[in-house]
Amino acid sequence: MPNIDATLKEAMSSIDGTIGVALVDYTSGMALGTVGGGQDFDLEVAAAGNTDVVRAKLRTMEHLGLDDQIEDILISLGKQYHLIRLLKASSGNGLFLYIALDVGKANLAMARHQLRRIESNLEV
1 MPNIDATLKE AMSSIDGTIG VALVDYTSGM ALGTVGGGQD FDLEVAAAGN TDVVRAKLRT
61 MEHLGLDDQI EDILISLGKQ YHLIRLLKAS SGNGLFLYIA LDVGKANLAM ARHQLRRIES
121 NLEV
C-alpha cells in the first residue's frame, strides 16, 4: 500500500491537468501532505477553505436527515475544477483528497475514476 507522499505524487503525475493535490484532515483543516500548487496556488489555504465546504455539506445532510455518505464534491470554476473526495476506509475517517485541475487539460470523468482508484490504494 502506498504511503501519503507516494499517493499524492501518483495523483499529480497520473491525472492529466493536475495543478495540485492534498490529503486533508477535515476535523482540523490541516493538510497532511501536498504536492504541486505553487506561489499562485497555495494548497494549505485551499485545504483549510475546502474543510469548511465539507463540514457545511455534512452539517446540511445531518439537518436534512439524509442517511448517506458524500462520495465527492465538485466545484467548477471558469478555468479550474476542484474535486474533493472523502476517504471511505475506516483508516481514512475524517480525511479527504483534494485535487485542483486545469479545465483545458483535464478530463473530469477520468480524473474522478483515477482519484477513486488512488483512494482505494491509500494506506493512512
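With the working numbering applied, the sequence shown has no gaps in its numbers, which climb one by one up to 124 at the end.
Note that beta-carbon positions come from the ideal geometry of N, C-alpha and C, so glycine has one too.
Helix, strand or coil: how does DSSP classify residue i here?
i      : result
Ser-14 : helix
Leu-66 : coil
Gly-94 : coil
Gly-49 : helix
Lys-54 : A small fix is needed here, since residue 54 is Val in this sequence, not Lys. Three-state result, Val-54: helix.
So with Cβ pairs under 8 Å, would you call residue i a contact of chain C?
i      : result
Gln-39 : No chain C appears in this structure, which consists of one protein chain only.
Hey, residue i and residue j are a contact pair by Cβ (cut 8 Å); roughly how many whole angstroms apart?
i      : j       : result
Ala-22 : Ala-47  : 5 Å
Gln-80 : Ala-111 : So it is not a contact: roughly 12 Å between Cβ atoms.
Gly-36 : Asp-102 : That belief does not hold up - the Cβ atoms of Gly-36 and Asp-102 are roughly 11 Å apart, past 8 Å.
So the alpha helix (DSSP H) residue i belongs to, where does it begin and stop?
i       : result
Gln-114 : 108-121
Could you tell me if residue i is buried or exposed, where buried requires 16 or more neighbouring beta carbons within 10 angstroms of its beta carbon?
i       : result
Leu-66  : exposed
Asn-107 : exposed
Return the first residue and the last residue of the beta strand (DSSP E) that residue i is part of.
i      : result
Gln-39 : Neither: Gln-39 is in no beta strand (DSSP E) and is coded neither H nor E.
Ser-76 : 72-76
Tyr-81 : 80-86
Quick one: Cα of residue i to Cα of residue j, how far?
i      : j       : result
Asn-3  : Ala-109 : 25 Å
Phe-41 : Glu-71  : 25 Å
Leu-83 : Asp-68  : 19 Å
Val-45 : Ala-56  : 17 Å
Ser-76 : Val-24  : 20 Å
Leu-97 : Leu-64  : 25 Å
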